[in-house]
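Each remark here refers to the structure printed beneath this line.
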Amino acid sequence: MARANAASADVRGQAIGGLARSVARPAYQRLLEAEPFLRRIVPALIITFLCVIGVGAVVQVHSHRQAVVNNAKDDLALLALATAEGLGQRLGGNIAR
């Protein structure tokens, strides 16, 4: 009985394999026809992706630099105001205004 089941499974496996091959063959043929195009386009897509990543990095660095400069300007303005207030109080006048 086990041999009969094994033989039956083998025949079914071949039938499924044949069906899968007949269904997959047109898709595989289209893939083979598109292969030269894909070989040319994939490196271009990789280069495009790397350029986009590079531009994003440059924009992020520029934005971060701008934020740091603005924060430094704000800190410097506050420091100048505090220094002027301190000097004004020591000298008895109000220099900051």
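Just remember that the numbering used here sits 240 ahead of the position in the sequence shown, which is counted from 1. Every residue gets a Cβ at the ideal spot worked out from N, C-alpha and C, and that includes glycine. Since the model is a prediction, treat every value here as computed from it, not as a measurement.
Distance between residue j and residue i (C-alpha atoms, nearest Å)
| i | j | result |
| --- | --- | --- |
| Leu318 | Val309 | 14 Å |
| Ile302 | Gly294 | Looking at the sequence shown, residue 302 is not Ile but His. Using only the alpha carbons, I get a separation of about 12 Å. |
| Leu272 | Gln300 | 41 Å |
| Arg280 | Ala297 | 27 Å |
| Cys291 | Ala284 | 10 Å |
| Thr323 | His304 | 28 Å |
| Ala320 | Phe289 | 46 Å |
| Tyr268 | Phe277 | 15 Å |
| Glu275 | Ala312 | 55 Å |
| Gln329 | Asp314 | 23 Å |
| Ala307 | Val282 | 37 Å |
| Leu327 | Leu316 | 16 Å |
Ignoring anything shorter than 3 residues or poking outside the stretch 289-321, list the beta strand (DSSP E) runs there in chain order. none
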